[in-house]
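A.B. asks: Quick one: structure below, then a few questions.
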Amino acid sequence: MKDKLKALLNESLIKNNMVKAIDDIIIETPKDNTFGDYATNIAMQIAKDSKSNPRDIANLIISNINDPVIIKIEIAGPGFINFYVKKDYLLDNINTVIKEDINYGKSAIGKGIKVNVEYVSANPTGTLHLGHARGASYGDNLTRLLSYSGYDVTREFYINDAGNQINNLTKSIEGRYRGLCGLEENMPQEGYHGKEIITIAESLYKEYGKDLTDEEVFRTSGLNYLLDQIKLDLKNFRVEFDLWSSEQSLYDNGSVDKMLALLKNNAYTYEQDGALWLQTTVYGDEKDRVLVKSDGTNTYLVPDIAYHLEKYGRGYDMLIDIFGADHHGYVPRLKAGIKIAGQDPDKLNVEILQMVRLVRNGEEVKMSKRTGNAVTINELVEDVGIDATRYFFAMRSLDTQMDFDLDLATKKTNDNPVYYVQYAYARICTIISDYLKEVKVLDSYTTIDSEYAYNLLSKVYEFKDVVEQSALKKAPHIITNYVYDLAGLFHTYYAHEKILTDNETSTMERINLIKAVAITIKNALNLIGVEAIEKM
RNA sequence: GUCCAUGUAGCUCAGUAGGAUAGAGCGCGGCCCUCCUAAGGCUGAGGUCGGUGGUUCGAUUCCGCCCAUGGACGCCA
46 MKDKLKALLN
56 ESLIKNNMVK
66 AIDDIIIETP
76 KDNTFGDYAT
86 NIAMQIAKDS
96 KSNPRDIANL
106 IISNINDPVI
116 IKIEIAGPGF
126 INFYVKKDYL
136 LDNINTVIKE
146 DINYGKSAIG
156 KGIKVNVEYV
166 SANPTGTLHL
176 GHARGASYGD
186 NLTRLLSYSG
196 YDVTREFYIN
206 DAGNQINNLT
216 KSIEGRYRGL
226 CGLEENMPQE
236 GYHGKEIITI
246 AESLYKEYGK
256 DLTDEEVFRT
266 SGLNYLLDQI
276 KLDLKNFRVE
286 FDLWSSEQSL
296 YDNGSVDKML
306 ALLKNNAYTY
316 EQDGALWLQT
326 TVYGDEKDRV
336 LVKSDGTNTY
346 LVPDIAYHLE
356 KYGRGYDMLI
366 DIFGADHHGY
376 VPRLKAGIKI
386 AGQDPDKLNV
396 EILQMVRLVR
406 NGEEVKMSKR
416 TGNAVTINEL
426 VEDVGIDATR
436 YFFAMRSLDT
446 QMDFDLDLAT
456 KKTNDNPVYY
466 VQYAYARICT
476 IISDYLKEVK
486 VLDSYTTIDS
496 EYAYNLLSKV
506 YEFKDVVEQS
516 ALKKAPHIIT
526 NYVYDLAGLF
536 HTYYAHEKIL
546 TDNETSTMER
556 INLIKAVAIT
566 IKNALNLIGV
576 EAIEKM
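Shown next as structure tokens:
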């Protein structure tokens, strides 16, 4: 409908010799429906350019518009053009939704563009906690959204299984193991103290007794255990990956050395204080960065550039990295490194997610009551439930330093937005199953005429636009807000109109209507990893 | 000190490619179940959109400055 109005406006502009690119024509849906079904401010834009009266311009524009779908055109306020449109398209859309079913809302705006999205990428040195949960939720929602919108998406987890932190992990396990053997633990200064480290040590003690001295065994058994745990936690969080890439493998297959050689070759590196530096300042970083430390080991940047080059080499059109706010300052050096290595850093989009705090009784919850460690993703899911957890993360935009309100999220009975939405879906399912006869597809709708029904239908109609917008903006929370509004409009409709009545025609039409609503809710919830529940 | 983000109702947050009366939930006040799930609906109170200048017919939205909050400023990852 928007496109149609756009086209009509464009035609009229051409006739009036008012030049404006068609993309500059903005059709909006006014919040207040006394301003019509659709509105545009194009007359005011043109008036600005030509320094004339916007209402006169608007008159000229609408004098050339005439189409059967338009019931009425008004000029209002400073020069808005408001369109009143026949509602048939809303009724027709009911059958479209039912026919497309799980595909309703899909679009092709992604044009098959190959996108790689890397997220979570937690160090395998402990259990996933709150911050990872937000990253996992956002990354997962984003990839669902992008593939629903016609992008060719690869979901990737980068495993930091090399470097300093892994040495510390190894030594931490070894320390705990020594403790079990009755020796002094000697935990490293930057050691890991989670209870999972003790679990690993215990299982090694069980298997090897006091005889284990091979560092490699400590290392690999620790890594394997923790990585399995991470995979399991993510799976329980409804987050799955296509690809698990290993940092260590970049060393093993020579990518890191090759990359270092490449950087040294193109004259952006230099030696100073016994270290090898990269001139990242040439491309906007605030200072140059060390690549190879004076002790001969690499900084994190080295394998990370190699890793990104490897991703570039796989032929994606776009790379998306999802970082926590604490890694924000790292972005310029990474991009500079990529640029120096000869790739286009603009292909890489880094999405920054702000910190989360858990709040209970108005106070921040920092530690888990059970373990004394940071609150894990598992505990969160256990306490709050998977649907509520996913929903709560999906409500917020990335930029907000969100408070995760445990009191509200754990409310299972009342006032919890996730149940509000699920309840709408469940209500519909109940009604349809209460209708004992066969639900038939209708050729036309003749009895639907209430304001409540049209508000609801016009929200359903919006869904496609909403999906596109949130995909383009990489903002899945738009979907969450949308589905909440949709559920609200359904509840209102439900409270005012009985679906199952003695009138067979009306009943059948209303059942098809709410069926379309249910499909839309389900598809929207699916985009944020929340289940639509048939009975509550 | 520098860089990034944020500042909207008592609280948690939406909104803003500049537009017509700024929204929701929670909390607080009232009303509605002989009726498809009251996990619902209806309704009331509550706002100088951090402050201040500027651009504009029009700024919560864009720009400058200021204040506040969070994060980052390592030869850690």
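Residue numbers (the working numbering): 46 to 581.
For every residue, glycine included, the Cβ atom is placed at its ideal position computed from N, Cα and C.
1. Are there 16 or more other CB atoms within 10 angstroms of the CB of GLN388, so buried, or fewer, so exposed?
2. For a quick check, are the C-beta atoms of MET581 and TYR468 less than 8 Å apart?
3. Mapping the DSSP letters down to three states, classify ALA320 as helix, strand or coil.
4. Per DSSP, TYR270 forms a beta bridge with which residues?
5. Using DSSP's beta-bridge definition, name the partner residues of LYS117.
6. Can you give me the C-alpha to C-alpha distance between ASP273 and ASP297, rounded to a whole angstrom?
7. Which value, in whole angstroms, describes the spacing of the CA atoms of LEU268 and GLU292?
8. Kindly indicate the opening and closing residues of the beta strand (DSSP E) around ALA312.
9. Pick helix, strand or coil for TYR506, following the three-state DSSP scheme.
10. Buried or exposed: which applies to SER495, given that a residue is buried once 16 or more other Cβ atoms fall within 10 Å of its Cβ?
11. For LEU53, does the count of other Cβ atoms within 10 angstroms reach 16, so buried, or fall short, so exposed?
12. Measure from the alpha carbon of ILE383 to the alpha carbon of each residue in TYR499, LEU403, LEU346 and LYS332, then state which is nearest.
13. Given a cut-off of 8 Å, decide if LEU403 and VAL395 are closer than it, judged by their beta-carbon atoms.
14. Sort out for me which residues DSSP pairs ASP594 with in a bridge.
15. Could you tell me which of THR314, THR215 and LEU307 sits nearest to TYR270, measuring between CA atoms?
16. Which residues does DSSP pair with ASN557 in a beta bridge?
17. Where does THR552 fall in DSSP's three states?
18. Which residues bound the beta strand (DSSP E) around LEU364?
19. Can you tell me whether LEU321 is buried or exposed? The criterion is at least 16 other CB atoms within 10 Å of its CB, across all chains shown.
20. Based on the DSSP output, what are the partners of GLU163 in its beta bridges?
21. Determine whether the beta carbon atoms of THR170 and TYR237 lie at a separation below 8 Å.
22. Once you ignore the five residues that flank LEU249 on each side, which residues in its own chain have a CB closer than 8 Å to its CB?
23. Could you work out which residue in ASP259, GLU201 and LEU425 is closest to TYR361 when comparing CA atoms only?
24. Can you give me the start and stop residues for the alpha helix (DSSP H) that TYR468 sits inside?
25. Could you name the residues of the same chain whose beta carbon sits closer than 7 Å to that of LYS504, not counting the 5 residues immediately before and after it, in chain order?
26. Anyone know if the C-beta pair for ILE367 and GLY184 falls short of 8 Å?
27. Can you check whether the CB of ALA569 is closer than 8 Å to the CB of LEU190?
28. Output the boundary residues of the beta strand (DSSP E) element that contains LEU228.
29. Work out the CA separation of THR525 and ARG435 for me, nearest whole Å.
30. How would you call ALA92, buried or exposed, if buried means at least 16 neighbouring beta carbons within 10 angstroms?
31. Spatial neighbours of ILE102 within its chain, please: CB distance less than 6 Å, with the 5 preceding and 5 following residues excluded, ordered by chain position.
32. Could you give the DSSP three-state label for ASN486: helix, strand or coil?
33. May I ask which residues mark the beginning and end of the alpha helix (DSSP H) holding THR537?
34. My output table needs one value for ASN343: the three-state DSSP class, helix, strand or coil.
35. What span of residues does the beta strand (DSSP E) with SER290 cover, start to end?
36. So, are the CB atoms of THR326 and ASP333 less than 8 Å apart?
C.D. replies: Quick answer:
1. Per the 10 Å Cβ criterion, buried.
2. Contact: yes.
3. ALA320: strand per DSSP, three-state reduction.
4. Answer is none; TYR270 lacks a bridge partner.
5. BP columns for LYS117 point to TYR129.
6. Spanning the two alpha carbons is a distance of roughly 22 Å.
7. Their backbone Cα atoms lie some 13 Å apart in a straight line.
8. Note, ALA312: premise wrong, no beta strand (DSSP E); not H, not E.
9. In this structure, DSSP gives TYR506 a helical state, which the three-state scheme calls helix.
10. Burial state of SER495 is exposed, judged by a 10 Å Cβ sphere holding fewer than 16 other Cβ atoms.
11. So LEU53 ends up on the buried side.
12. When only C-alpha atoms are compared, the closest one is LEU346.
13. It is not a contact, given that the beta carbons lie outside the stated cut-off.
14. Within the shown structure, residues of the chain are numbered from 46 to 581, placing residue 594 beyond reach of any answer.
15. Considering only alpha carbons, the answer is THR215.
16. Paired residue(s): none; ASN557 is not in a bridge.
17. The three-state secondary structure of THR552, taken from DSSP, is helix.
18. First-last of the beta strand (DSSP E) with LEU364: 363 to 369.
19. A residue is called buried when at least 16 other Cβ atoms come within 10 angstroms of its Cβ; LEU321 meets this threshold and is buried.
20. Answer is GLU201 and ASP366, bridged to GLU163.
21. Using a Cβ distance threshold of 8 Å, THR170 and TYR237 count as a contacting pair.
22. Excluding sequence neighbours, LEU249 sits near ILE218, TYR222, LEU257, VAL262, PHE263 and SER266.
23. Among ASP259, GLU201 and LEU425, the Cα nearest to that of TYR361 belongs to GLU201.
24. Looking at the DSSP string, the run of the alpha helix (DSSP H) that includes TYR468 is 462 to 479.
25. Excluding residues within five positions, the ones whose Cβ falls inside 7 Å are ASP530, LEU531 and LEU534.
26. Result yes, Cβ atoms of ILE367 and GLY184 sit closer than 8 Å.
27. Contact flag unset, no.
28. Careful: LEU228 lies outside any beta strand (DSSP E) and carries neither H nor E.
29. As the crow flies, the alpha-carbon of ARG435 is around 10 Å from that of THR525.
30. Counting Cβ neighbours within 10 Å, ALA92 comes out buried, since at least 16 surround it.
31. Hits under 6 Å: ALA88, ILE91 and ALA92.
32. As written in the sequence, residue 486 is Val, which differs from the Asn given in the question. Reduced to three states, the DSSP call for VAL486 is coil.
33. From DSSP, the alpha helix (DSSP H) with THR537 extends over 522 to 541.
34. In this structure, DSSP gives ASN343 an extended state, which the three-state scheme calls strand.
35. Where SER290 is concerned, the enclosing beta strand (DSSP E) stretches over 288 to 291.
36. For THR326 and ASP333, yes; Cβs fall inside 8 Å.
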